[in-house]
Amino acid sequence: MTEPTAPLIVLVEDEEHLAQGLLFNLQAEGYRTHHESDGDAALAYLLAEKHTPEEHIAAIILDGMLPGADGFTIVRALREAHHYTPVLMLTARSRPEEVLEGIEAGADDYLAKPFDLNILLVRLKSLLRRTAWQNAATPETPPPAIVDQTDEYAFNHRTIRFDTLELIAPNRITHLTLMEADLLRYLTEREGQIVSRSAILEDVWRVHEDTDTRAVDNFIVRLRRYIEDDPADPQHLVTVRGVGYRFLANP
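Residue numbers 818 to 1068, in our numbering, belong to the letters of the sequence shown in order.
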């Protein structure tokens, strides 16, 4: 029997056979589950004003294509409502543009169908682990005396906390998705280097197919709103015409 304090995983999937298999395996792993098969009903449930402590949602496994509101609409609405519950998107392998649409909407990770169940469970555990780190980093918790540089990057009065998925700027804290944090880590680790759009697609988001790279450009626009004093005149995340981008900590 699943413990009443076990993490609650919401599965939004309209393929009944797949949904029942996932629910069975999630419960076998010790998770509590809630299933929705319609996008509109799922969005209403997820945006409900009051969930009891027993209904606190630990993570969402969300199919991209659903009756009613699709998965991309759902995750976008959650982020606009400042709901930062981790979202693992399920996308169609034959449509790599769905991966980028999910990333742009605010998903934290994705899996292409068909997928290996063990990989899904590992990805889910990773999202839950990061949430636990983030919840542990409360204002009452004193910062460590020494910070591992792999977990923090500071520049221009801003600090990226990769462990808690936060970008701390003067008078503002931005909650990052896992995909946003992964891209920022990739860029900062290559400070001063030119990074191509195709490298971002392949190395950060694991999209290996011939995908429209304009989605990368749209994503960069969002990151500039986080890290630039004037996003219209970027100094840190600059465009290298015809190639890609370069991150500069001290322009």
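The C-beta atom is built at its ideal place from N, Cα and C for all residues, glycine as well.
Quiz item: Are there 16 or more other CB atoms within 10 angstroms of the CB of H834, so buried, or fewer, so exposed?
Solution: exposed
Exercise. Using 10 angstroms around the beta-carbon of V1012, count the other beta-carbons present and answer buried if the total reaches 16, otherwise exposed.
Key: buried
Quiz item: In angstroms, rounded to a whole number, what distance separates the CA positions of D968 and A909?
Solution: So the alpha carbons of these two residues sit roughly 32 angstroms apart.
Self-check item: Close Cβ partners of L934 (< 7 angstroms) along its chain, the five nearest in sequence each way excluded
Solution: N842
Quiz item: Between which two residues does the beta strand (DSSP E) carrying L1040 extend?
Solution: Here L1040 belongs to no beta strand (DSSP E); instead the alpha helix (DSSP H) covers 1031 to 1044.
Exercise. List the DSSP bridge partners of G1061.
Key: In the DSSP assignment, G1061 is bridged to S1013, V1057.
Quiz item: Out of L1040, D880, A894, H992, which has the shortest C-alpha to C-alpha gap to Y927?
Solution: Among L1040, D880, A894, H992, the Cα nearest to that of Y927 belongs to D880.
Quiz item: In whole angstroms, what is the alpha-carbon distance linking P824 and A859?
Solution: Going by the C-alpha atoms only, they are around 18 angstroms apart.
Quiz item: Under three-state DSSP, which class holds L839?
Solution: Three-state result, L839: helix.
Practice problem: Go to V892, then tell me how far its alpha helix (DSSP H) extends in each direction, as first and last residue. | Solution: 888 to 897
Quiz prompt | E1006 burial status per 10 Å Cβ neighbour count (16 or more: buried) | solution = exposed
Practice problem: Out of L863, H873, L905, L917, state which residue places its alpha-carbon closest to the alpha-carbon of E897. | Solution: L863
Quiz item: Which runs of the beta strand (DSSP E), 3 residues or longer, sit entirely within the segment 916 to 954?
Solution: 926 to 930
Quiz item: Tell me which same chain residues have a C-beta within less than 6 angstroms of the C-beta of S1015, skipping the five on either side of it?
Solution: Cβ within range, chain order: n/a, list empty.
Quiz item: Taking C-beta to C-beta, are L840 and I878 nearer than 7 angstroms?
Solution: no
Quiz item: Going by the beta-carbon positions, is the gap between G923 and A886 smaller than 7 angstroms?
Solution: One thing to note: G923 has its Cβ no nearer than 7 angstroms to the Cβ of A886.
Self-check item: Local Cβ density within 10 Å of E789, reported as buried at 16 or more and exposed below that
Solution: Outside the displayed range of the chain (818 to 1068) lies residue 789, so it cannot be described from this structure.
Quiz item: Rounded C-beta distance between Y1003 and V1021? I'm assuming under 8 angstroms.
Solution: 5 angstroms
Quiz item: Using a Cβ-Cβ cut-off of 7 angstroms (strictly less than) and excluding sequence neighbours within five positions of R893, which residues of its own chain qualify?
Solution: A922, G923
Quiz prompt | Cβ neighbours of P884 in the same chain (closer than 7 angstroms, five flanking residues each side left out) | solution = D831, D855, G856
Quiz item: Going straight from the alpha carbon of D980 to that of R940, what length do you get?
Solution: 16 angstroms
Exercise. Run the CB neighbour count on V829, radius 10 Å, all protein chains shown included, and call it buried at 16 or more, exposed below.
Key: Label assigned to V829: buried.
Quiz item: Can you pull the DSSP bridge partners for Y970?
Solution: I977
Quiz prompt | Nearest-angstrom beta carbon gap, I1017 and L1000 [assumed within contact, 8 angstroms] | solution = 7 angstroms
Self-check item: Beta-carbon contacts of A998 that lie in its chain and below 8 angstroms, excluding the five residues immediately before and after
Solution: I977, F979, L982
Quiz item: How many Å lie between E918 and I1037 at the Cα?
Solution: 14 angstroms
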